[in-house]
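See below for the structure under consideration.
Here it is in structure tokens:
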């Protein structure tokens with residue numbers, strides 16, 4: 283069994299200087315290979331990667347896409363198992379072994395994703411998002427869970443995920459042109475093919491973002507765009523709003539538990555901004571591209587469409 287670790291990079295020096303020493307033991311293991319796809323970094327990212335003698339595929343910044351760039355990595359990879367890691371997700375010493383374990387042990391599992399723990403500097407909102415989405419217990423999801431879990435049944439994250447290569451290619455790979463959500467798209471296809479998704483709580487990476495309210499708006503605008511263009515996901519896996527309501531209720535309860543009830547007005551406002559961003563994204567057909575690029579976190583995407 284050969285494993286490929288695929289990392290898209292762009293100006294990631296400040297993160298990679300922490301993660302590469304942890305990953306170094308796999309670089310000298312003949313059962314592993316690395317595929318680095320760099321979007322023309324302007325910092326010392328490539329210089330740092332070359333110190334580890336890693337092969338770097340360079341693409342233009344504007345040509346990066348969450349789907350097609352990962353498809354390129356998958357095609358170049360030599361492994362039977364593909365581990366996707368974002369540059370800002372910092373693994374632990376046994377994260378890779380743990381995330382590939384269910385793929386090796388079970389023929390039914392086509393995809394596994396790991397647990398994200400917030401960085402030490404994570405603010406309340408960022409930390410809660412990780413605690414809500416990444417519990418400390420393993421789970422196994424199949425198509426039979428959709429009536430109970432709804433949209434949560436296809437929740438995964440390519441910040442740290444592993445796929446059986448043959449399963450990924452069987453369902454057609456990642457969508458070639460998406461603003462985000464390539465992982466959710468593939469998760470849905472994998473469940474529909476009869477495979478299972480494993481959440482591996484002891485496959486840990488440190489990963490979080492302290493988004494401003496405006497950045498939250500943009501992120502949710504992009505999610506709305508994705509759901510508008512992939513309507514079948516909501517039609518077949520329930521409405522996203524239902525999960526959003528559960529999130530807000532849990533966040534309020536978490537604030538009281540942390541004795542931070544004073545954050546309640548900001549929690550309500552922040553989630554209102556997210557909802558507005560999401561709804562506008564769902565209505566993107568009525569918004570001109572020049573304006574969508576200003577409302578979006580992924581400005582280069584609008585130059586590709």
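Numbering (our numbering), first residue to last: 283 to 587. Note that the Cβ used here is the ideal one computed from N, Cα and C, for glycine as well. Please read all numbers here as calculations on a predicted model, not as lab measurements.
Checklist entry - Looking at C-alpha atoms only, which residue of 498, 345, 386, 320 is the closest neighbour of residue 337? => result 320
Next on the checklist: Could you tell me the alpha carbon to alpha carbon distance between residue 552 and residue 351, rounded to whole angstroms?
Outcome noted: 32 Å
Item to check | First through last residue of the alpha helix (DSSP H) which encompasses residue 297 | outcome: 295-309
Next on the checklist: Below 8 Å on the Cβ atoms is my contact criterion, and I expect residue 394 with residue 444 to pass it. Report the Cβ-Cβ distance as a whole number of Å.
Outcome noted: 5 Å
Item to check | Stretch-stretch touch, CB-based, cutoff 8 Å, three pairs: the region 444-453 with the region 414-426 | outcome: no
Next on the checklist: Which of the three DSSP states is assigned to residue 398 in this structure?
Outcome noted: strand
Next on the checklist: With a threshold of 6 Å on Cβ separation, who are the neighbours of residue 381 within its own chain once the five nearest residues in sequence on each side are excluded?
Outcome noted: 394, 396, 444, 482, 485
Item to check | Closest Cα partner of residue 376 within the set 355, 305, 509, 411 | outcome: 305
Next on the checklist: Given this structure, state the Cα-to-Cα distance separating residue 298 from residue 489, to the nearest angstrom.
Outcome noted: 13 Å
Checklist entry - Who are the Cβ neighbours of residue 353 in its own chain at under 8 Å, not counting the five residues just before and after it? => result 455, 456, 458
Item to check | Coarse secondary structure for residue 316, derived from DSSP in three states | outcome: strand
Checklist entry - Can the beta-carbon of residue 303 be found closer than 8 Å to that of residue 368? => result no
Checklist entry - In terms of alpha-carbon separation, which member of 399, 436, 313, 407 lies closest to residue 588? => result Nothing about residue 588 can be read from this structure; the chain reaches only from 283 to 587.
Next on the checklist: Using 8 Å as the threshold, is the C-beta distance between residue 355 and residue 317 below it?
Outcome noted: yes
Checklist entry - What span of residues does the alpha helix (DSSP H) with residue 487 cover, start to end? => result Careful: residue 487 lies outside any alpha helix (DSSP H), inside the beta strand (DSSP E) at 478-488.
Item to check | Other residues of its chain near residue 461: CB distance less than 6 Å, five sequence neighbours each side excluded | outcome: 504, 507, 508, 580, 583
Item to check | residue 557 to residue 502 span [Cα, whole Å] | outcome: 7 Å
Checklist entry - Leaving out the 5 sequence neighbours to the left and right, which residues in its chain are closer than 6 Å to residue 371 when beta-carbon positions are compared? => result 441, 442, 487, 489
Checklist entry - What residues match up with residue 449 in a beta bridge as DSSP calls it? => result Residue 449 pairs with nothing; no bridge assigned.
Checklist entry - In chain order, what residues of the same chain have a beta carbon less than 7 Å from the beta carbon of residue 301, not counting five sequence neighbours either side? => result 372, 373
Checklist entry - Measuring CA to CA, which of 288, 415, 407 is closest to residue 359? => result 288
Next on the checklist: Could you pull the DSSP bridge partners for residue 423 from this structure?
Outcome noted: 479
Checklist entry - Are residue 477 and residue 379 closer than 8 Å when you measure CB to CB? => result no
Item to check | Expected contact under 8 Å - CB spacing of residue 577 and residue 562 to nearest Å | outcome: 7 Å
Checklist entry - Which of the three DSSP states, helix, strand or coil, is assigned to residue 342? => result coil
Checklist entry - Helix or strand or just coil, what does DSSP make of residue 286? => result strand
Item to check | Assigned secondary structure, residue 366 (DSSP; H/G/I helix, E/B strand, else coil) | outcome: strand
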